[in-house]
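Inspection log for the structure reproduced underneath, given as structure tokens.
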Amino acid sequence: MHEIHIGEDLRERNIEIAEENRKILRGNGVVTFNLMSAPGAGKTSLLVATIPHLTDKHRIAVIEGDLQTSRDAERIAALGIEVFQIETGGVCHLDASMVHSALHTLDLESIDILFIENVGNLVCPAEFDLGEDARVMLLSVTEGDDKPKKYPLMFTESGLLLPNKVDLLPHVEFDLEKARHEALDINPKLEIEEISCKTGSGIEAWTDWIERFCETRGGS
Ligand code: MG
963 MHEIHIGEDL RERNIEIAEE NRKILRGNGV VTFNLMSAPG AGKTSLLVAT IPHLTDKHRI
1023 AVIEGDLQTS RDAERIAALG IEVFQIETGG VCHLDASMVH SALHTLDLES IDILFIENVG
1083 NLVCPAEFDL GEDARVMLLS VTEGDDKPKK YPLMFTESGL LLPNKVDLLP HVEFDLEKAR
1143 HEALDINPKL EIEEISCKTG SGIEAWTDWI ERFCETRGGS
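Sequential numbering of the sequence shown, starting at 963, is according to our numbering.
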């Protein structure tokens, strides 16, 4: 029982800090996206494929969450983008206080869009509000089409699902229609755009989604 109470306290504290983050970010006109997926689904590759399409109209920054190493952060920094690296040291998700510390370092007045790349994990990240405006989930077709029913919270909490690596569909056992139906069963409001970071297919639809989201948010 004792442990459960500690867990609830932590969760409530996380919600408070997330709300504070949201207030700070919105107060500075920053639109924030939390990218979540299993490891290797292509979150960093998505950012690398996306950011060059946005930089003529928007000022971008990235918070890069990883268990270990700054490899992903270096790939993003190579685009000339401000990156704040959070090495969680084994913690399987980002939480609002980790993001809060990044907000003190980033120059928020000079940022229009902030991407937060969460730690690769299909479970824990979905439980932690970071103060983002929207959650975007990647599902690689190499992972299997049974993921929506097995990890429903991630699908419930996301506003947009990006099935990635669709160029590999001819080579893998992945029923995209089944995954789509099961995801929509769990979350009927979920928007879905198929993409391939490798070929670039669907990237324009995804950047259009970002533009529409920013417009309705009254952001940049
Ligand atoms: Mg990554």
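Don't be surprised by glycine CBs; every beta carbon is placed ideally from N, CA and C. These figures come from a predicted structure and were not determined experimentally.
Residue i in three-state terms, based on DSSP
{"i": "GLY1027", "result": "strand"}
{"i": "GLU970", "result": "helix"}
{"i": "GLU1153", "result": "strand"}
{"i": "CYS1054", "result": "coil"}
{"i": "PRO1087", "result": "helix"}
{"i": "ARG1174", "result": "helix"}
{"i": "GLU1135", "result": "coil"}
{"i": "ASP1034", "result": "helix"}
Bridge-paired residues (DSSP) for residue i
{"i": "ASN996", "result": "ILE1078, ARG1097"}
{"i": "PHE1046", "result": "ILE1025"}
{"i": "PRO1125", "result": "LEU1101"}
Pick from the options that is closest to residue i, judged by C-alpha positions
{"i": "GLY991", "options": "ALA980, ILE1022, ASN976", "result": "ILE1022"}
{"i": "PRO1014", "options": "ILE1038, ARG973, HIS1055", "result": "ILE1038"}
{"i": "ILE1157", "options": "GLU1173, ASP1170, ARG1179, ASP1129", "result": "ASP1129"}
{"i": "VAL1053", "options": "GLN1030, ALA1040, CYS1176, CYS1159", "result": "GLN1030"}
{"i": "MET1099", "options": "ARG973, GLU1036, GLU1139, TRP1168", "result": "TRP1168"}
{"i": "HIS1066", "options": "ARG1179, ILE1165, GLU982, GLU1155", "result": "GLU982"}
{"i": "PHE1175", "options": "SER999, GLU1153, THR1161", "result": "GLU1153"}
{"i": "ILE1172", "options": "LEU1008, ILE1048, VAL1134, GLU1044", "result": "LEU1008"}
Cut-off 8 Å between Cβ atoms - residues of its own chain near residue i, not counting five sequence neighbours on either side
{"i": "ILE1078", "result": "THR994, PHE995, ASN996, LEU997, VAL1024, ILE1025, GLY1027, LEU1056, VAL1061, LEU1092, GLU1094"}
Close Cβ partners of residue i (< 7 Å) along its chain, the five nearest in sequence each way excluded
{"i": "ARG1142", "result": "ILE1154"}
{"i": "ARG984", "result": "GLY1093"}
| Given 8 Å as the limit, is there contact between the stretch 990 to 1004 and the stretch 1083 to 1099, that is, 3 or more CB pairs closer than that? | Taking a cut-off of 8 Å on C-beta distances, the stretch 990 to 1004 touches the stretch 1083 to 1099, as three or more cross pairs fall below it.
| request: Determine, using beta-carbon pairs with one atom in the stretch 1109 to 1123 and one in the stretch 1136 to 1149, whether at least three such pairs fall under 8 Å. | output: With the cut-off at 8 Å, the stretch 1109 to 1123 and the stretch 1136 to 1149 touch.
When you compare the stretch 1111 to 1128 with the stretch 1021 to 1039, are there three or more beta-carbon pairs, one atom per stretch, that lie closer than 8 Å?
Because the criterion of three Cβ pairs below 8 Å is not met, the stretch 1111 to 1128 and the stretch 1021 to 1039 do not touch.
**Asked** Within the chosen definition, does the stretch 1003 to 1023 reach the stretch 1099 to 1106 through at least 3 CB pairs nearer than 8 Å?
**Response** Cβ pair count under 8 Å is three or more, so yes.
I want to know whether the stretch 1068 to 1083 touches the stretch 1005 to 1020 - three or more CB-CB distances under 8 Å. Contact between the stretch 1068 to 1083 and the stretch 1005 to 1020 is present, because at least three Cβ pairs lie under 8 Å.
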